[in-house]
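Trainee: One structure is given below, represented as structure tokens, and several questions about it will come after.
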Amino acid sequence: MATKSTFPSVEQAFQQAMRRRVLSSIGCDGTSLPVDDYAALVAELLTWDALEGRAELTQDQRETAKVAFALLREFNLKGADRTTELAWQVRIGCLAVLADLQPEARKALASAVEPEPGSPGNWLEFTRISVWGAWLGLLRLGSTADVERAKRLLVNVRNRQKEFERPFFKSLEDAVAARGAALELMGLYFLGTAAERLAEYLVRGLADGAGDIESQLDMYFERVMSAWDQGMLPMNADVAFLLQPTAHALVKSSIRTATKSANSLTRRFAESLISRPANPLFQLLPPQRKALLDDGLASNVHRSVVVNFPTSSGKTLLAEFNILQSLNDLGAERGWVAYVAPTRALVNQVANRLRRDFAPLEKRVERLSPALEFDTVELSALAPRNLETDGPPVDVFVCTPEKLDLLIRREELCKHLGRLALVVVDEAHNLGAQDERSIKLELLLAVINREHPASRFLLLTPFINNAKRIAEWLDKGSNKDYSVEAHWVPNDRIVGIAAPPAREGATRGRKADHVFFKPALTSKATLHLDEQLRLDGVDPKLGLTVAAVNQSASKLSVAAVQVLSKRGPTVMLCRIVNETWSAAALLAKADWPSLPGQEDREAVARFVEYELGSTALLPQLLRKGVAVHHSGLPEEVAQAIEWLFEGRKLHVLCATTTLAQGVNFPIANLVISSIHPAAGYGQLMSYSDFWNIAGRVGRVDQDAVGVVALAASNQEAHSKCEDFLRRSTADLVSKLVAMVADLGGLAFDQGLSSLVHRKEWSAFSQFIAHTLRQVGVARFSDQVELVLRGSFGYQSLRDSNLPLARELLAKTRQYAQHIAKDMGSVALVDVTGFSFESVRGALGRLSQLDSLDDLLDPTALFSNRGPALRDVMGVLLHIPEIRDELEVTKGMDGSRIAEMLADWVHGHSLEALAKRYFASDSEDEDSLTRCVRGFKRLSMSSSWGLSSVLSMKFGDKLDELSPQARQEVINIPSMVLYGVRTSEQIALRTAGVPRNAAIALSKELKEPATPYVLRRLLESKGEELWRKSLGPQRGSDYFHVWKMLEGM
Amino acid sequence: MVTPFATVNSYKWKHGQVSCEAYSAADPVACEDWLKQDVAKRVYDQPMIDGLKDDMLALKSENFDISNLMEYIDLPTPDALYWDIGESVADLFLIERIGARLPANRRRDLRTPKGSLPGADIAGYVPNGAAETMFLFGEIKTSSDAASPPSVMSGSGSGMAAQLARLTTKIDIRRQLLYYLRARSTKGDLPGLFTSALASLSKNQFALVGVLVRDTEPNLKDVEAAAKHLGGVLSQDQACTLYALHTCIPMSGWSQHCKAA
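Those protein sequence lines, which keep their order, are chains A and B.
Counting from 66, one number per residue, gives the positions in the first sequence under the working numbering.
Counting from 27, one number per residue, gives the positions in the second sequence under the working numbering.
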């Protein structure tokens, strides 16, 4: 067989084609570059060659098909007739599918002419168009209409054949022509029937009542080729030759094939994906196919699975299959699945998606708030007592790792929930992050692994080298890693460096009218051009001078963003919050073309005004199609902006790295103003943070090259950016490995107690305390090594540094002996999420306080008449795990926090709170931003702190209160978390209703309700209820935004 | 049998990258024998369609009407006409003189009925130096027109010059020819020839020939104008050879000698 290396001109032509693609994508002219017809042809022939007698192509052969696809797709069919054009599109689609680039086929064929065959007068032409048209739809598979069209076109051919075929034959001039036409028609009828069968299979999983689609296709294609081979060569027989393996590839990628031998629940899920009205899913992406079909993930029996796929390659769908498999395996046993995501935004996003996708299967999905406590509202879902009000048992809980940690430690809740069937960990590369959250997550998994031996694990991650090792950690015997080879990339992307125009020779004050873009080599399969490209079109209204863009990377980024955003939605990643505002304000000055979604933008802009006040800058920006996204925005506002951006209703989003983690955006361009994050001066943005967001640029479903530009206003920055991009994937390393270095600094008589003021060691201490309780004091000393071996870090440490591992073991044993002396406090460690030392310290301080009775009366507590709230906050300010989070402004003390919380719980607006508590001029951020961020932190940490204090101070005594009073007390932390005062308002907030609306709507609720009931009520009563509570315009806007936030 | 054409050309002329060569057959007996044997064998090698009958019945079970198809596929093949015979004459000449390999004797299936994309009369392989192979594409014209050049050589659509030029500019025609060759190059040394020719094609190298079969005396004017036209439209590095073959038997008598066995 011919090899690619024999054909250097093909490789050259491919490079040229990529160059043209990049140039045209980026707005530069690439049309003058010559197109090598011969190379295109040879590339296609090499694909034919590769196909000979093969059911599936090797990777090299797929590469060949990819080259042919790239070369043929840019071919200009000037003046071609309809059949030729149609067959050409089918040919291109085939090559894309054969190259394993199904999404590319969809993109390339998205704008294909709809094949309506016209008059059947010329029967042969009519049949050709019908048959090629049917195949075009099957290759595109973008909608149910594509599949339906295939069927309809063929039905039409059959219905009209009798009437139009004979007159057509009679019109032919001689016998040779008639015989040729007869043979071509015969082949076309078979080819059309093959399309019909395939369409039927893709939808129903059966073709002509049987599952042997592969044999059926082979039979029809052999008949096609036999007819055409023996007659005159019909037009486009070469396309039919390509279609046969392509049809098999479509069968193989079909969701029906992947779930053929799966359980009935999974098959019903597949059915619902195929038949859903919006975005039906017929085909799997190549990595999904590999995992589900080749490696059997749909019927997985491995206990520990790691899916190591690039960003945007469909990990969530795999998780859905795995979840259903696990739920199915529960049989009649009661059980649940935990889905862990690192951020609140991602928890919401995943919960919405799972809820939507599992609704047809009647599987209940609920998200848990990130608050480190359980209020009555959440308890209704975790331990339902009444089917009517609490709803059916929840099958899947979506939450943050910290919340799952808390849940796992609550034995009574776990007992209620039944068997933990599966733990899904999204963005699992966070296990290797060097912060305290990573060690917490690792130890949580170790605990679950130890205490829930029947539970399975599914870790979803991009960018790790040692996926197998991670899978083995959780189960040595039953594990599997699904890693996508480096060659598969979900989308074409070019990464480069944005540079300013030359300063030399520029007159003073001259406006910058262009920037440069220099593509760079990266550690991933990105496109590359070895030349600097000039991007013209910087809007003079931005007022950016040549000098300014040479001096400021941020201004240079603004110029690059404005030029690139003509290509599509653009994200500018800023270093700090202030930069997002200044960049957005500058960008809003540009002349922007009109954008769809005016009504939605207006609704969100008004919603922002209601939430942040009418003087806020954001609504004005939104009306121009520009927005910001950072930690200083209320959660719902940030989500609404994400929603607008996802719907392509914004030109530009200026964001901080809070955006990076897992949010599913269609980004055409990403401009990064600095590779140094705000925190950690001099450090570089992490590899995973960068590729997590860069991986979303140029989406699977969009036909454009994604552009990532790193701004470098001088040569030194340029070199740094180049080095930054060359970094490659690393092993996931446990935080524990770095932590043990701390042991070296301990004096011989010091133990772990002297380290637990650090958050990461507090997490370790809690792990030990929890296990001590589970194992019992008597056995712990024997078991401690096994317990430690359950963590990934200790396993790694034993491999790399045995003496240090032994030292950790000794210190841990010593520490356990120390804390075992006070098992009462050890028990409180599990309840509070504080270290043993913190619990003891807090108990001591609480015992010195005079009266904390107000803690049992929320009205009194938040009236601030007594000292309870002030004193409790004063105690919490001494707890290392929580202290930093409580200090949201300078000079925080118990009184100030108590005042702030009282105002917050009583529903004071953010605008008013900003004026009252964050009005200081000394800060470099605006007061509203600081206020929102401050209250986000304060509400989370205070809610956690209050919940812990209630447990420490009252514990089981709460059971002695009346049910009504008990409920009020239990809800105190949630009042603080959500900034509301009543149970009804908490329920509304849990159901996703924004704070202001929750306060207003609660007046219309006659009795307390669970979120389960509320969600249905709010949906069924519709907009009217909202308008009645909030006024006509406000009510409509809030309803609109709420539906959008809930993914309805 | 060897072809009856002289080994020495009657004339040889070159215009830029286009060469013209003429060869005559002088011995009528040898020419007649050749027509009766080698040429007849090639002309009447028709495709078989019997295997299709079962497939056609299968089509009936897919709810298609097969009555018309049956009727038209079964039409008797008409007798060979003079241009069918001229094409076989040209094939055999190219096989003998330039070492052409024509993987199938099925020129007919290179044409499409009333199609918008004409095919080509010649598709095969030819040596490219000692070790390599090139694709061979070409057109054949047969004419007893007394005028020089004969009408088949000119004409903007169907003239030889226009058709040869189209073979170099229309990628879709080449694609069909290559598919045709590939599908028929699966056995013996043919796969190797295909691969080698593909490598030459990737360097823009393939052979282009035109063959004019005549029953007249050699006359440079037969091909001169076509050569000049082609010289102007082909790229400078695309060589082309126009062969003029002159039989000594009048075309009107060809079908008498050349009959199915």
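Yeah, the Cβ is synthetic: ideal placement off N, Cα and C, and Gly gets one too.
As the structure is a computational prediction, the values presented were derived from the model and not from experiment.
1) Taking 7 Å as the limit between beta carbons, can you name the residues of its chain near Trp-60 (chain B), skipping five residues before and five after?
2) Can you tell me the Cβ-Cβ gap for Gln-348 (chain A) and Ile-320 (chain A), rounded? I've got them flagged as a contact below 8 Å.
3) Alpha helix (DSSP H) containing Met-160 (chain B): first to last residue?
4) Rounded to a whole number of angstroms, what is the C-alpha to C-alpha distance between Glu-181 (chain A) and Arg-85 (chain A)?
5) Considering only residues of the same chain and omitting the five flanking positions on each side of Ser-1006 (chain A), which have a CB-CB separation below 6 Å?
6) Whose Cβ in chain A lies nearer than 7 Å to the Cβ of Phe-90 (chain B)?
7) Going by beta carbon distance, what residues of the same chain come within less than 6 Å of Ser-861 (chain A), once the five residues before and after it are set aside?
8) Thinking C-beta only, is Asn-1061 (chain A) closer than 9 Å to Leu-1095 (chain A)?
9) So, Leu-248 (chain A) versus Leu-271 (chain B), is the Cβ gap smaller than 9 Å?
10) With a cut-off of 9 Å, does the C-beta of Asp-198 (chain B) fall near any C-beta of chain A?
11) By DSSP's criteria, Val-153 (chain B) is part of a beta bridge. Which residues make up the other side?
12) Please confirm if Arg-127 (chain B) has its CB atom under 9 Å from at least one CB of chain A.
13) Can you tell me whether DSSP reads Ala-777 (chain A) as helix, strand or coil?
14) Name the chain B residues whose beta carbon is nearer than 8 Å to that of Arg-231 (chain A)?
15) Are Tyr-37 (chain B) and Pro-176 (chain B) touching if we call contact CB-CB under 9 Å?
16) Opposite Asp-601 (chain A) in the DSSP bridges: which residues?
17) Strictly below 7 Å CB to CB, what residues from chain A border Lys-229 (chain B)?
18) Quick check: what's the CA-CA separation for Leu-506 (chain A) versus Ser-588 (chain A)?
19) Which residues, in chain order, does the stretch 187 to 211 of chain B contribute to contact with chain A at a C-beta distance below 8 Å?
20) With 9 Å as the threshold, decide whether the Cβ of Ala-104 (chain A) is near any Cβ in chain B.
21) How would you call Ala-215 (chain A), buried or exposed, if buried means at least 16 neighbouring beta carbons within 10 angstroms?
22) I'd like to know if Pro-1097 (chain A) contacts chain B, where contact means its C-beta is closer than 9 Å to some C-beta of that chain.
23) How about Ser-251 (chain A): is its C-beta nearer than 9 Å to some C-beta of chain B?
24) Could you work out which residue in B:Tyr-269, B:Gly-42, B:Ala-48 and B:Ala-146 is closest to Lys-254 (chain B) when comparing CA atoms only?
25) Any C-beta of chain B sitting closer than 9 Å to the C-beta of Ala-133 (chain A)?
26) Kindly say whether Ala-215 (chain A), judged by its beta-carbon, lies nearer than 9 Å to any beta-carbon of chain B.
27) Could you pull out every residue in the same chain whose Cβ sits closer than 6 Å to the Cβ of Asp-470 (chain A), ignoring the five residues on either side in sequence?
28) Beta-carbon within less than 8 Å of Ile-121 (chain B)'s beta-carbon, same chain only, minus the 5 sequence neighbours each way: which residues are those?
29) In chain order, what residues of the same chain lie with their CB nearer than 8 Å to the CB of Ser-543 (chain A), ignoring the 5 residues before and after it?
30) Taking Ala-191 (chain B) and Leu-260 (chain B) to be in contact with their CB atoms under 8 Å, please state how far apart those CB atoms are, rounded to whole angstroms.
31) On the three-state DSSP scale, how would you describe Pro-584 (chain A)?
32) Count the other C-beta atoms from every protein chain shown that fall within 10 angstroms of the C-beta of Pro-185 (chain A), then say buried if there are 16 or more, exposed otherwise.
33) Counting only beta-carbon separations shorter than 9 Å, does Asp-114 (chain A) have a partner in chain B?
34) Using the Cα positions of Ala-493 (chain A) and Gly-771 (chain A), report the straight-line distance between them to the nearest angstrom.
35) I want to verify the contact list: residues of chain B whose CB lies under 8 Å from the CB of Ala-292 (chain A), in sequence order.
36) The stretch 133 to 166 of chain A: which residues have C-beta closer than 7 Å to a C-beta of chain B, in chain order?
Mentor: Judging by the given coordinates:
1) Met-27, Thr-29 and Pro-30
2) 7 Å
3) Segment 158 to 169 is the beta strand (DSSP E) holding Met-160 (chain B); no alpha helix (DSSP H) there.
4) 32 Å
5) Ile-947, Glu-950 and Leu-951
6) Arg-223, Gln-226 and Tyr-254
7) Ser-799 and Val-802
8) yes
9) no
10) yes
11) The amino acid occupying residue 153 (chain B) in the given sequence is Pro; Val does not appear at that position. Pro-153 (chain B) is bridged to B:Thr-159.
12) no
13) coil
14) Asn-94
15) no
16) A:His-579
17) Ser-74
18) 28 Å
19) Ile-197, Asp-198, Arg-200, Arg-201, Gln-202, Leu-204, Tyr-205, Tyr-206, Arg-208 and Ala-209
20) yes
21) buried
22) no
23) The amino acid occupying residue 251 (chain A) in the given sequence is Met; Ser does not appear at that position. Closer than 9 Å: yes.
24) B:Gly-42
25) no
26) no
27) Leu-509
28) Arg-127 and Leu-128
29) Val-366, His-367, Arg-368 and Ser-369
30) 7 Å
31) strand
32) buried
33) yes
34) 25 Å
35) Leu-78 and Asp-81
36) Asp-146 and Thr-149
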